[in-house]
Amino acid sequence: MRAALVVASKDLRQRLRDRSAFVVGIVAPLVLATLISLALGQVEEDFGATLAVVDQDGGPLARALVDDVLGGEDLREVLEIRTVATPQEAADLADDGDVAAAIVIPAGFSAVAEGGDPVPLRVVRSAEKPIGADVAEAIATGFTAQVDAVRLAVRTAADVGGVSDPAAIGLLAERAAAEPPPVALAETGTAEVDVPPASQFAPGMGILFLFFTVGLGARSILAERREGTLARLLAAPITGRSLLVGKAAATFVLGVTSLATLAVVSTLLIDARWGDPVSAAVLIVAIVLAAMGVVALVLTFARTEQQASGYASIAAFGLALLGGNFIQLEQAPELLRRLSLLTPNGWALRAFGDLAAEGGGLASVLPEVGAVLAFAAATLGVALARSGRLVRL
10 MRAALVVASK DLRQRLRDRS AFVVGIVAPL VLATLISLAL GQVEEDFGAT LAVVDQDGGP
70 LARALVDDVL GGEDLREVLE IRTVATPQEA ADLADDGDVA AAIVIPAGFS AVAEGGDPVP
130 LRVVRSAEKP IGADVAEAIA TGFTAQVDAV RLAVRTAADV GGVSDPAAIG LLAERAAAEP
190 PPVALAETGT AEVDVPPASQ FAPGMGILFL FFTVGLGARS ILAERREGTL ARLLAAPITG
250 RSLLVGKAAA TFVLGVTSLA TLAVVSTLLI DARWGDPVSA AVLIVAIVLA AMGVVALVLT
310 FARTEQQASG YASIAAFGLA LLGGNFIQLE QAPELLRRLS LLTPNGWALR AFGDLAAEGG
370 GLASVLPEVG AVLAFAAATL GVALARSGRL VRL
């Protein structure tokens with residue numbers, strides 16, 4: 010045991026002297042998480058769209074669309090409405106990207122509700138601003154669906170009651186439009202939780218670079234073999250098992266320290282949330298063990314430092330891409346969300362996300378912790394079975 014502690018102490022001093030662990034484990038993931046969080050936060054906060062509107066109808070339905078819907082309180086903060094005179098002018102604005110979309114209300118649009126012939130409500134999309142164009146199209150689609158419902162109700166009431174007087178039909182249309190829809194979509198959910206993007210990307214980048222931090226210590230065995238240091242160590246009263254245990258202990262301390270330090274620094278600097286300290290600490294230990302297992306397993310297949318570095322990089326980025334380190338998992342396609350469960354990254358990021366959003370304790374993330382530890386046990390077990398070749402001269 011004393012020999013293992015000596016090896017671990019030597020490795021830790023070496024990593025602290027060259028500062029590589031500090032840069033790879035803390036600085037790099039913090040910078041990347043900050044940049045991604047700032048970019049996503051800016052997109053979410055600054056969303057807005059300008060729409061051009063051409064009102065060729067001037068009737069009550071057209072005014073309702075322009076004033077009550079597009080200019081309503083719900084959309085006022087995100088939509089700016091520009092009234093233009095002609096459809097061609099509106100189309101030119103959309104083509105030039107000056108507006109996200111143009112809505113053209115044709116003459117006779119209001120008469121549709123009173124049983125008149127249907128006329129199309131046109132939406133001219135801008136290719137440069139697809140999100141704003143989607144918003145305009147969704148608003149137009151929803152409004153025309155409501156107009157169709159009013160028109161159907163008026164025609165049914167007129168036919169059943171034998172009403173043919175235009176004034177009476179107009180009154181029916183006004184009453185039908187004022188009635189609330191019989192079926193409405195009600196949006197409900199849990200209490201809104203404002204989770205900063207940094208709460209997703211700080212753990213994501215930290216886990217990605219954790220693999221490189223762990224790799225620094227793991228590859229030192231191959232470096233010492235190349236430099237002849239390994240032969241001198243094994244010639245001393247140090248067994249190969251003690252050497253591996255010492256290096257594993259140093260790598261574990263380095264990994265836990267770097268990820269824990271990143272958690273504290275990112276919380277203070279970019280408002281990242283890692284959950285309660287106990288749950289976060291357990292998760293950090295679990296993902297460090299899983300990273301050690303993956304890197305150690307990969308290392309047993311490498312014969313040179315260059316091979317070890319290449320294999321470790323492929324494993325780190327492959328697991329990061331599949332596990333969702335670079336994206337928000339809840340917004341990812343269903344297939345990617347399922348595939349992320351094949352990686353320790355995906356399970357750990359789910360747990361960190363749940364802790365940040367729901368504020369639960371350790372009991373709420375025990376399944377995720379168990380999955381990460383299962384990856385650690387499997388990979389470390391295979392790596393241990395193949396570890397003899399690492400200290401074979």
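My numbering numbers the first residue of the sequence shown as 10 and each following residue consecutively.
The beta carbon of each residue, even a glycine, is placed where N, CA and C say it ideally should be.
Note that the structure is predicted; figures quoted are calculated from it, not measured.
Segment limits, alpha helix (DSSP H) that includes Thr352: Residue 352 sits at position 343 when you count from the first residue of the sequence shown. No alpha helix (DSSP H) holds Thr352; DSSP gives it neither H nor E.
contact_flag[the segment 131-149, the segment 103-110] where n(CB pairs < 8 Å) is 3 or more: yes
Pair within 9 Å by beta-carbon distance, Val63 and Glu98: As a working note, residue 63 is residue 54 in the sequence shown. As a working note, residue 98 is residue 89 in the sequence shown. Yes, they are a contact pair.
Residue of Ile323, Gln316, Ile90, Gly370 minimising C-alpha distance to Leu217: Here residue 217 corresponds to residue number 208 of the sequence shown, with the count starting at 1. Leu217 has its Cα closest to that of Ile323, out of Ile323, Gln316, Ile90, Gly370.
Any 3 or more C-beta pairs closer than 8 Å across the segment 381-392 and the segment 295-310: yes
Cα-Cα separation, Ala360 to Phe335: Start at 1 with the first residue of the sequence shown, and residue 360 comes out as number 351. Start at 1 with the first residue of the sequence shown, and residue 335 comes out as number 326. Cα-Cα distance, rounded: 16 Å.
Three-state secondary structure (DSSP) of Arg347: The residue you call residue 347 lines up with position 338 of the sequence shown. Note: Arg347 maps to helix in three-state DSSP.
Cβ-based neighbour list, Leu364, same chain, cut-off 6 Å, excluding 5 preceding and 5 following: On the sequence shown, residue 364 is found 355 positions in, with the first residue counted as 1. So the qualifying residues of the chain are Gly284, Ser288.
Residue interval of the beta strand (DSSP E) (run including Thr95): Within the sequence shown, numbered from 1, the residue matching residue 95 stands at position 86. Segment: none, Thr95 is in no beta strand (DSSP E) and carries neither H nor E.
Proximity below 9 Å, CB of Gly404 to CB of Leu268: The structure shown does not extend to residue 404, since the chain is modelled only from 10 to 402, so the question has no answer here.
Ala61 versus Val93: straight-line alpha-carbon distance, rounded: For the purposes of this step, residue 61 is taken as the residue at position 52 of the sequence shown. For the purposes of this step, residue 93 is taken as the residue at position 84 of the sequence shown. One C-alpha to the other measures close to 7 Å.
Own chain residues within Cβ distance below 8 Å of Gly264, not counting five before or after: Taking the sequence shown and counting its residues from 1, one reaches residue 264 at position 255. Counting only Cβ-Cβ distances below 8 Å, and skipping sequence neighbours, we find Gly34, Leu219, Thr222, Val223, Val297, Ala300, Met301.
Whole runs of the alpha helix (DSSP H) within the segment 249-286, excluding any shorter than 4 residues: 249-279
Inter-residue spacing [alpha-carbon to alpha-carbon] between Gln340 and Gln65: Numbered from its first residue, the sequence shown carries residue 340 at position 331. Numbered from its first residue, the sequence shown carries residue 65 at position 56. Whole-angstrom Cα-Cα distance: 40 Å.
Three-state secondary structure (DSSP) of Ala110: Looking up residue 110 in the sequence shown gives position 101. Residue state, collapsed to three classes: strand.
Nonlocal neighbours in the same chain, by C-beta distance under 7 Å from Phe118, ignoring five residues either side: Taking the first residue of the sequence shown as 1, we reach residue 118 at position 109. Correct list, in chain order: Asp66, Gly68, Leu70, Ala71, Val128, Leu130.
Local conformation of Ser64 per DSSP, three classes: The residue you call residue 64 lines up with position 55 of the sequence shown. The amino acid occupying residue 64 in the given sequence is Asp; Ser does not appear at that position. Of the three classes helix, strand and coil, the one that applies to Asp64 here is strand, per DSSP.
Span of the alpha helix (DSSP H), counted from its first residue to its last, around Arg72: Within the sequence shown, numbered from 1, the residue matching residue 72 stands at position 63. Residues 69-72.
Continuous alpha helix (DSSP H) stretch holding Val378: start and end: Residue numbering aside, residue 378 sits at position 369 when the sequence shown is read from its first letter. Its alpha helix (DSSP H) spans residues 375-394.
Where the alpha helix (DSSP H) containing Gly332 begins and where it ends: Sequence index remark: in the sequence shown, residue 332 carries index 323 (1-based). Per DSSP, Gly332 belongs to the alpha helix (DSSP H) from 314-332.
Residue environment, Pro342, which counts as buried when at least 16 other CB atoms sit within 10 Å: As a working mapping, residue 342 is identified with position 333 in the sequence shown. Exposed, by the Cβ-count rule.
Buried or exposed by the 16-neighbour rule on C-beta atoms within 10 Å, applied to Leu44: Your numbering for residue 44 matches position 35 in the sequence shown. Leu44 comes out exposed.
C-beta atoms of Gly255 and Leu47 nearer than 9 Å: To locate residue 255, count along the sequence shown from 1; it is residue 246. To locate residue 47, count along the sequence shown from 1; it is residue 38. No. Outside cutoff.
Check whether Ala211 and Leu79 have beta carbons under 9 Å apart: For the purposes of this step, residue 211 is taken as the residue at position 202 of the sequence shown. For the purposes of this step, residue 79 is taken as the residue at position 70 of the sequence shown. Against a cut-off of 9 Å, the Cβ pair of Leu79 and Ala211 comes out as no contact.
Whole-angstrom distance between Val307 and Ala392, CA atom to CA atom: Taking the first residue of the sequence shown as 1, we reach residue 392 at position 383. Taking the first residue of the sequence shown as 1, we reach residue 307 at position 298. Each residue's Cα considered, the two are about 8 Å apart.
Closest by C-alpha distance to Ile140, when choosing among Ala100, Ala42, Thr59, Asp105: If you number the sequence shown from 1, residue 140 lands on position 131. For the residues Ala100, Ala42, Thr59, Asp105, the minimum Cα distance to Ile140 belongs to Thr59.
Cβ shell of Leu371 (< 7 Å), same chain only, five flanking positions each side left out: Here the question's residue 371 lines up with position 362 in the sequence shown. Result list for Leu371: Val287, Ser288, Val291, in chain order.
Straight-line gap, Ala149 to Pro96 (C-alpha atoms, nearest Å): Here the question's residue 149 lines up with position 140 in the sequence shown. Here the question's residue 96 lines up with position 87 in the sequence shown. C-alpha separation (whole angstroms): 16 Å.
As assigned by DSSP and simplified to three states, the class of Ala311: By 1-based counting over the sequence shown, the position of residue 311 is 302. If DSSP states are grouped into helix, strand and coil, Ala311 belongs with coil.
Exposure label - Ala136; buried when at least 16 CB within 10 Å: Counted from its first residue, the sequence shown places residue 136 at position 127. So Ala136 ends up on the exposed side.
Opening and closing residue of the beta strand (DSSP E) in which Arg85 lies: Within the sequence shown, numbered from 1, the residue matching residue 85 stands at position 76. It is not in any beta strand (DSSP E) - Arg85 carries neither H nor E in the DSSP assignment.
Asn354 versus Ala272 - alpha carbon distance: As a position in the sequence shown, residue 354 is number 345, starting the count at 1. As a position in the sequence shown, residue 272 is number 263, starting the count at 1. Asn354 and Ala272: Cα-Cα distance of roughly 16 Å.
Three-way DSSP call (helix, strand, coil) for Val128 in this model: As a first step, residue 128 must be located in the sequence shown, where it is residue number 119. The answer is coil: DSSP assigns Val128 none of H, G, I, E or B.
Per DSSP, the bridge partner or partners of Thr59: Numbered from its first residue, the sequence shown carries residue 59 at position 50. For Thr59, which the question treats as bridged, DSSP gives the partners Glu89.
Secondary structure of Arg359, DSSP reduced to three states: Looking up residue 359 in the sequence shown gives position 350. If DSSP states are grouped into helix, strand and coil, Arg359 belongs with the helices.
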